[in-house]
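Residue numbers (my numbering): 2 to 457. One structure is given here, and the rest of the page talks about it.
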Amino acid sequence: MQLASRPARVPLPRLWPIRASDIVALLAANGALIVAMWIRHGGTSGLTSPAAILTAAGQVTALLGTYLALIQLVLMSRSPWLDQVFGMDGLAWAHRWLGFATVWLIGGHAVLTTVGWSLGDGRSVVDEATTLLGTYPFVLMAAAGMACFLAVAVTSVRAARRRLSYETWFGIHLYAYLGIALGFAHQLVVGTDFASDPVARIYWISLFVVSATMLLVFRFGQPIATTLRHQTRIGRVVTEAPGVVSVYVTGRELDRLPARSGQYFNLRLLTRDGWWRAHPFSLSAAPNGRSLRFTVKNLGDWTARLQALEPGTRVTLEGPYGTLTGARRTRRRVLLVAGGIGITPLRALLESLPGRPGDLTLIYRASHETEVVFREELDALAAHRGAAVHYLVGRRGSPEMPGDPLDAAGLRALVPDVEQRDVYLCGPVPLMESVCASLKILAVPASQVHLERFAF
2 MQLASRPARV
12 PLPRLWPIRA
22 SDIVALLAAN
32 GALIVAMWIR
42 HGGTSGLTSP
52 AAILTAAGQV
62 TALLGTYLAL
72 IQLVLMSRSP
82 WLDQVFGMDG
92 LAWAHRWLGF
102 ATVWLIGGHA
112 VLTTVGWSLG
122 DGRSVVDEAT
132 TLLGTYPFVL
142 MAAAGMACFL
152 AVAVTSVRAA
162 RRRLSYETWF
172 GIHLYAYLGI
182 ALGFAHQLVV
192 GTDFASDPVA
202 RIYWISLFVV
212 SATMLLVFRF
222 GQPIATTLRH
232 QTRIGRVVTE
242 APGVVSVYVT
252 GRELDRLPAR
262 SGQYFNLRLL
272 TRDGWWRAHP
282 FSLSAAPNGR
292 SLRFTVKNLG
302 DWTARLQALE
312 PGTRVTLEGP
322 YGTLTGARRT
332 RRRVLLVAGG
342 IGITPLRALL
352 ESLPGRPGDL
362 TLIYRASHET
372 EVVFREELDA
382 LAAHRGAAVH
392 YLVGRRGSPE
402 MPGDPLDAAG
412 LRALVPDVEQ
422 RDVYLCGPVP
432 LMESVCASLK
442 ILAVPASQVH
452 LERFAF
């Protein structure tokens, strides 16, 4: 591998002047305004019976559930400023728990409204539900939308997620868009907040339009524009290790594509069976303006097909995403800790992070020697940059590695000044959780620990 004195200069992603607290405050204010409009429309008046109380509670849960669904739509838009502010971990956490809250609220609306109306009409819950589904405008449509949300929620549970291929899981999640569309029609036609208040209708329509616009611009428009501008395609595929290949994406004017080491792109193959799905892969080399390198481990399904690609295959790049970059650096010295194929973004960071000899240290954990990727490149980079590289290879509990080499004592032995460094982590979730626990014992401030569980 030929090493340049420093990576080629390419444009850096824009840093947006916005804070997480600003976004949270805006969302909370919108939620309060929604509840205030409901109160203004008489939502709290006439609460003199259990039927009225349950029906009112059903109205509030419907409004808040719909609002959270719109927030979910914004989270799915892959907006660059949301990615910068919250990072992939923060967005994934918010998407997961807001998703479950959306399902509970919309489900609560269906149950509370049906029970409240059954009490008011003096009928059984089953009879009331049958009447609502069969005769009330857009209720059957709303029920279909709720079924879409339930399917997404069930397949998001970790036990179910482990049993599904990425393609199946992704396909089911597309039904969330259908669920939101069906709920929108139901809300505007029969919602008590909209039947007689044009201001409320305009407000909610505006929320839907803004959310849908962000989705269309960032999720679809931006990748299409990037592909048309840069004409990206597969340049070559190089075997790095058993079951691991590097895919080089080439195109025109890649020196004008803003990306940082540590970031990732979603790759979408423009083939007959690949155009509808995208998978995330980290840059495994610093952007150089000529090509982008992604290193992929064969995990079955789409990744196996990716390894057999022919040069010239057209590909769409969605991104760059992720905040596991030098922009988060707070200290002069840096420790990089990689596990398995999680070496990919950290190898790019080892190449591009500024530093003097001795500033950079890499710890690479693997269960077997065949799982070590880029050994020659890493050794060459270490010699070129004056960095230290420690390979921790072996199964824990084996004679050669009886304990955890990344426990607090092990980290202290390898990196005595660890608390004075920024620490970048990438690898399997159990490894990162274990290292984070060790860093906590070593009193490394949380502000110096940087990781993204979905960055590779």
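Backbone N, C-alpha and C define an ideal beta-carbon position, used for all residues, glycine too.
Can you tell me whether residue i is buried or exposed? The criterion is at least 16 other CB atoms within 10 Å of its CB, across all chains shown.
i           : result
residue 458 : Outside the shown range of the chain, which is 2 to 457, sits residue 458, and nothing can be said about it.
residue 456 : Confidence in residue 456 is poor, its pLDDT being 40 and thus under 50, which makes the residue's placement unreliable; the coordinate value appears in the next sentence. With 16 or more Cβ atoms within 10 Å of its Cβ, residue 456 is classed as buried.
residue 422 : buried
residue 59  : buried
residue 371 : exposed
residue 19  : exposed
residue 222 : exposed
residue 166 : exposed
residue 40  : exposed
residue 385 : exposed
residue 47  : exposed
residue 319 : buried
residue 214 : exposed
residue 205 : buried
residue 324 : buried
residue 417 : exposed
residue 311 : exposed
residue 55  : buried
Report yes if the CB atom of residue i is closer than 8 Å to the CB atom of residue j, and no otherwise.
i           : j           : result
residue 442 : residue 388 : no
residue 395 : residue 402 : yes
residue 52  : residue 117 : yes
residue 275 : residue 251 : no
residue 212 : residue 71  : yes
residue 326 : residue 264 : yes
residue 351 : residue 363 : yes
residue 115 : residue 126 : yes
residue 220 : residue 79  : yes
residue 342 : residue 373 : no
residue 50  : residue 97  : no
residue 349 : residue 292 : no
residue 73  : residue 32  : no
residue 151 : residue 104 : yes
residue 77  : residue 216 : yes
residue 34  : residue 69  : no
residue 266 : residue 199 : no
residue 202 : residue 183 : no
residue 329 : residue 451 : yes
residue 317 : residue 228 : yes
If you run the structure through DSSP and keep just helix, strand and coil, what is residue i?
i           : result
residue 445 : coil
residue 77  : coil
residue 158 : coil
residue 163 : helix
residue 88  : helix
residue 351 : helix
residue 363 : strand
residue 51  : helix
residue 461 : The displayed coordinates of the chain run from 2 to 457. Any statement about residue 461 would go beyond what the structure contains.
residue 451 : strand
residue 281 : strand
residue 269 : strand
residue 3   : Model confidence at residue 3 stands at a pLDDT of 48, short of 50, so the residue's coordinates are unreliable; what they give is reported in the following sentence. In this structure, residue 3 counts as coil in the three-state DSSP scheme.
residue 199 : helix
residue 62  : helix
residue 94  : helix
residue 262 : coil
residue 39  : helix
residue 169 : helix
residue 276 : coil
Whose C-beta lies closer than 6 Å to the C-beta of residue i among residues of the same chain, with five residues either side of it excluded?
i           : result
residue 393 : 366, 406
residue 245 : 298, 374
residue 281 : 265, 267
residue 414 : none
By Cβ distance, which residues of its chain are closer than 8 Å to residue i, with the 5 residues on each side in sequence left out?
i           : result
residue 137 : 191
residue 187 : 139, 140, 142, 143, 146
residue 444 : 420
Excluding the five sequence neighbours on either side, which residues of its own chain have a C-beta within less than 7 Å of the C-beta of residue i, listed in chain order?
i           : result
residue 360 : 333, 334, 335
residue 129 : 115, 118, 119, 122
residue 490 : Residue 490 lies beyond the range of the chain shown here (2 to 457); nothing can be said about it.
residue 347 : 337, 339, 363, 425, 427
residue 173 : 152, 153, 156
Verify the CB distance criterion: does residue i have a CB-CB separation below 8 Å to chain D?
i           : result
residue 232 : Structure shown: chain D not included; a single protein chain is present.
Whole runs of the beta strand (DSSP E) within the segment 216 to 246, excluding any shorter than 3 residues: 234 to 242
Secondary structure, beta strand (DSSP E): runs of 3+ residues fully inside the segment 369 to 432: Listed in chain order, they are 389 to 394, 423 to 427.
3-residue-minimum beta strand (DSSP E) runs that sit fully inside the segment 284 to 344, ordered along the chain: 292 to 298, 316 to 322, 335 to 340
Secondary structure, alpha helix (DSSP H): runs of 4+ residues fully inside the segment 97 to 147: The segment 97 to 147 contains these whole alpha helix (DSSP H) runs: 126 to 136.
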